[in-house]
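Numbered per the working numbering, the sequence shown spans residues 1 to 226. Beta carbons are placed, not taken as given, at the ideal position from N, Cα and C, and that holds for glycine. Keep in mind the model is a prediction, meaning the values are calculated, not measured. One structure is given below, encoded as structure tokens.
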Amino acid sequence: MSETKEKIGFDSLYWRAARRFELRWQDAGWEKNHHVSTAQLIRVADLTVVGDNIEHGINHDPSPVSHTERLLDALPVRGTETFIDFGSGLGRVALLAARRFPEVMGVEFATKLTIDSERNIACYRGPLRCRPKIFNKDAAEFEIPSDKELVIWFYSPFQPPVMKKVLDNLTNSFRQNPRRISVMYCAPFFRDLMDNVSWLKEQPLPIRRSFFKDRLKHVFYTSEAL
Ligand SMILES: C[S@@+](CC[C@H](N)C(=O)[O-])C[C@H]1O[C@@H](n2cnc3c(N)ncnc32)[C@H](O)[C@@H]1O
């Protein structure tokens, strides 16, 4: 029995490692085809940032392309919303979203990442519905547009103090103008903060599962029915 367990453990580790390698390989193909460079792992501590929240920032680690595309395609949205990626890094999610939405914003507090993401957007080859606009700002200080329906995206960008402030800003924006707002939180380590936002309701998302059955962990919410 224990031998079987060990074997299963080894197999699953083996497949997970193989899958990670396959994802990196696929991402490298996407980068080459689109003339961008968004794959680097970068420590926030090595960067110069705007604002006072460097100790709450999570390092740059790009979203896997195929998982993100699957999530974007599954969103129950109209496709007319403004998309905002909080912690936009080197611009990968902003570019993937710009194929699907008419307006895309990224909010990134590291100045170098903002500049490099703007270079990626300028160099990008491929169809886009819009050119993403990147704001070099601390997410906690970003003014959320209150006149637009929104799709908000978080790929594990920051820790609770900043997440709480962003959710408070989003709540104020919603109270000012109650409207359709969708929120995707990938790698949702602090999901309890979002579960406690009274006007956001978690929704199941129909995701086509990959052959390897793993997927990017996520939670998805929409504003309560209006
Ligand atoms: C895990 S990376 C995600 C990058 C990109 N969204 C993606 O999915 O490919 C998190 C990003 O959040 C940024 N970040 C962390 N704290 C931030 C803050 N307070 N305001 C804005 N950006 C922040 C980091 O610099 C990093 O680029």
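No Cβ-Cβ contact shorter than 9 Å links residue 65 with residue 85.
Residue burial is scored here from C-beta neighbours: residue 91 has at least 16 other C-beta atoms within 10 angstroms and is therefore classed as buried. Here residue 54 carries a helix assignment [DSSP, helix/strand/coil].
Non-local beta-carbon contacts of residue 58 in its own chain, meaning distances under 8 Å to residues more than five positions away in sequence, involve 44, 87, 156, 157, 158, 159 in chain order.
Shortest Cα-Cα distance from residue 143 to any of 128, 31, 131, 176 involves 176. At a cut-off of 8 Å, the beta-carbon of residue 69 does not count as near ligand 1: no heavy atom of the ligand is closer than that. Looking at the DSSP output, residue 186 bridges to 155, 218. DSSP lists no beta-bridge partner residue for residue 37. Here DSSP, grouped into helix, strand and coil, assigns residue 101 to coil.
Put simply, of 146, 193, 120 the residue whose alpha carbon is nearest the alpha carbon of residue 89 is 120. The count of Cβ pairs closer than 8 Å, one atom from the segment 24 to 36 and one from the segment 70 to 83, stays below three, leaving the stretches out of contact.
For residue 188, same chain residues with a beta-carbon under 6 Å away, outside a window of 5 residues either side, are 219 in chain order.
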